[in-house]
Each structure stands twice: as C-alpha cells, then as structure tokens.
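**Student:** Protein chains in written order, with our numbering: chain A, 1 to 146; chain B, 1 to 146.
Number of protein chains: 2
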Amino acid sequence: MKNFKLKPIGIIHSSYKKPEDIPKEERKLIEGEIEIFKEFEDGLKDIDGFSHLIVIFVLHKSCGYNLQVTPPFDNEIRGVFATRSPYRPNPIGMTIVELLERKENILRVKGIDMIEGTPVVDIKPYLPGDRKENIKIGWLTGKIED
Amino acid sequence: MKNFKLKPIGIIHSSYKKPEDIPKEERKLIEGEIEIFKEFEDGLKDIDGFSHLIVIFVLHKSCGYNLQVTPPFDNEIRGVFATRSPYRPNPIGMTIVELLERKENILRVKGIDMIEGTPVVDIKPYLPGDRKENIKIGWLTGKIED
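Written out as structure tokens, the structure reads:
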C-alpha cells in the first residue's frame, strides 16, 4: 500500500514547550490557541457553533516507535495500540478540546495536551455519536479518572 | 512547515465498496473487520480489554478538497472544518468503533463508516476523557439524532 502525505494546516500555541512539562492531572484545564494558517481560514466558517472539536495533529517530537511499551503509570508491557503513547508507527495525535472562542483564524481552546509548535493537520466537529456509553478500558481500569 | 508521511498499518474490510452505498442511518450497526498487517500485530497486545477504539484512516477515495462545502443534509455552505466531509485539506478520517472480538491480527468491529480497502494509519483506545458532556453542535442542531 502506498504512503500518504500530510501538510500542516495550522499550529498549536501553548505555554508548554516540552511534553514532560505538561501537568497531566490538569490537562483538561489547560488553555491555548490553535492558529489555522490564513490560507485555510475559510474552512472555519460555522465552527463557532460547536462546543468541542477533534484536533488531529503530528506528534512532531516523537522519533521512532516501539510496538510494545511500558506506559508511565504502569509496570507491564502493553501493545502501543492499547495506549496513547506518542511513539507510534504513525506519529498522529488526537485530542478533543473545548472551543472557547474564535477570532478570525485563531481558535482559543481548553483541554490541550500538545506542546507549543505542534503541527495541526485537521479539525473536525465533535458530534453526539462520538460520545460512547458503557465503555471498558481494559488495563487502564482503576488507573485513570474520568 | 514540513510535510509528514503516513504509512498504512492495516486495512478495513467492509461489505460496502463505495461511500454512497453505506446506509447512513444504520452506520452504528455496520460490522466489519480491521486487518492489522502482521508486522504490526505485536502492537495489539492488551487491546482486547477496550470496548471502543479510535480508528484513524485515510479517506483514500477523496480527491482534492474545498474549504467550503454544502453538506448532504443541508442547503447552506459550511466551512469544511465544521463538517465531517471527506474532501478535506488532509484526507484523514476518524471513527470510533466498538470492538467485538480480536483474533490475532484481525479486529472485528461495529460502527464502521469506511469502505472496503480503506487504509488504516492508527488505532487508539477510547478513554473516559473522550466522552464530552454538554456538547453543542452548531448548524447540525436538529439535523442529526443521538
């Protein structure tokens, strides 16, 4: 199968410069900005009505990957697809953020876990179908809060 | 900013060969398989414990994009980032599926809206933090159920 190319459509602005600086417990409260490049601004029409956005970005500080990893809050080896580890075969991240405000090509958002300078490749509206009920979280049960 | 490359890690198997054949209303019930290529199978360890997975894939039938589109169930022009249109600057799709069963490198799943042969680039576990409360869906209000 052939490879595919991604071109950044924007960039994250955060007060955190390194992944290890982000306070994991407060992630949901961290505010920042998504700057959509001017050439893509027309694609933001009507986005203001949505409370939550799916942000797809490149884990640009990730170098290489392991198919099995030991997550930070665990001491067993897990398959990378059963984790949110940044060291994945394709270094693609996905985070759902709350949209606080849009000013032209700048989206002010809450709940970012990306660092300053992260390349953004897509923004999608979060829809009711993305809220799943009765979820089971395997090895993470009891290890993370809601 | 530089471009990034994606390499498929798997492929979707669905009984639908064309996007227009997928019955939108029954999307949530459609079952299919994600075949993860053998070289990535080790990354699936522990995935069985999760009830829902985030599948990131390439909208490989999408050719080109428009920053503003008229969605199928609407008659106004919307910004592409306020829609789930497949004709996006980066043709990346994201769907949350229910994991029914894993057999080696094959994940049997429910809720697919991808067609046969869709290249898969990442699988992530769906976590409680991905369930958002009090969501607002702008121009889609009253146009979709759930």
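Using N, Cα and C, we set each Cβ at its ideal position, and we do this for glycine too.
For residue 68/B, which residues in the same chain have their Cβ closer than 8 Å to its Cβ, ignoring the five residues on either side in sequence?
**Tutor:** 77, 78, 79, 80
**Student:** Would you check if the distance between the CB atom of residue 9/B and the CB atom of residue 57/B is smaller than 8 Å?
**Tutor:** no
**Student:** Within 10 Å of its beta-carbon, does residue 45/A have 16 or more other beta-carbons around it, so buried, or fewer, so exposed?
**Tutor:** buried
**Student:** With DSSP collapsed to three states, give me the class of residue 86/A.
**Tutor:** coil
**Student:** Between the C-alpha atoms of residue 126/B and residue 72/B, what's the straight-line distance to the nearest angstrom?
**Tutor:** 28 Å
**Student:** Would you report the Cα separation of residue 135/B and residue 106/A, rounded to the nearest angstrom?
**Tutor:** 21 Å
**Student:** State yes or no: is the beta carbon of residue 108/A nearer than 8 Å to at least one beta carbon in chain B?
**Tutor:** no
**Student:** Which residues mark the beginning and the end of the beta strand (DSSP E) in which residue 108/B is found?
**Tutor:** Residues 106 to 110.
**Student:** When the Cα atoms are used, what is the spatial distance from residue 33/A to residue 32/B?
**Tutor:** The alpha-carbon atoms of residue 33/A and residue 32/B are separated by roughly 38 Å.
**Student:** Does the segment 87 to 94 of chain B come close enough to the segment 12 to 29 of chain B to have 3 or more Cβ pairs within less than 8 Å?
**Tutor:** no
**Student:** Mind listing the chain E neighbours of residue 13/A? Cutoff is C-beta to C-beta under 8 Å, in chain order.
**Tutor:** The chain inventory of the structure shown lacks chain E, comprising the protein chains A and B.
**Student:** Would you report the Cα separation of residue 95/B and residue 124/B, rounded to the nearest angstrom?
**Tutor:** 11 Å
**Student:** Name the residue from 86/A, 111/A, 21/A whose alpha carbon lies nearest to the alpha carbon of residue 70/A.
**Tutor:** 86/A
**Student:** Kindly indicate if chain A contains any beta-carbon less than 8 Å away from that of residue 51/B.
**Tutor:** Closer than 8 Å: yes.
**Student:** Any beta-carbon of chain B closer than 8 Å to the one on residue 102/A?
**Tutor:** no
**Student:** Nearest to residue 74/B by CA position, among 1/B, 143/B, 4/B, 101/B, is which residue?
**Tutor:** 143/B
**Student:** Is any non-hydrogen atom of the ligand SAM found closer than 7 Å to the C-beta of residue 137/B, if you look at the structure I gave you?
**Tutor:** You won't find the ligand SAM in this model; it holds no ligand whatsoever.
**Student:** When the distance is taken between beta carbons, is residue 47/B closer than 8 Å to residue 108/B?
**Tutor:** no
**Student:** Please state whether the Cβ-Cβ distance between residue 115/B and residue 19/B is less than 8 Å.
**Tutor:** yes
**Student:** Just to confirm, is the Cβ distance from residue 119/B to residue 1/A under 8 Å?
**Tutor:** yes
**Student:** Please list the residues of the segment 121 to 141 of chain A that have a C-beta atom closer than 9 Å to any C-beta atom in chain B, keeping them in chain order.
**Tutor:** 121, 122, 123, 124, 125, 126, 127, 128, 129, 130, 131, 132, 133, 134, 135, 136, 137, 138, 139, 140, 141
**Student:** Ignoring anything shorter than 3 residues, give me the beta strand (DSSP E) runs that lie fully in the segment 11 to 86 of chain B, in order along the chain.
**Tutor:** 31 to 36, 52 to 58
**Student:** Determine the DSSP secondary structure at residue 93/A, reduced to helix, strand or coil.
**Tutor:** In the structure shown, the three-state DSSP call for residue 93/A is strand.
**Student:** Report buried or exposed for residue 130/A, applying the criterion of at least 16 other Cβ atoms within 10 angstroms of its Cβ.
**Tutor:** buried
**Student:** Does residue 113/B come out as helix, strand or coil in the three-state DSSP assignment?
**Tutor:** Reduced to three states, the DSSP call for residue 113/B is coil.
**Student:** Please name the residue in 104/A, 25/A, 139/A whose C-alpha comes closest to that of residue 35/A.
**Tutor:** 104/A
**Student:** What residues of chain A sit near residue 80/B, judged by a beta carbon separation below 8 Å?
**Tutor:** 43
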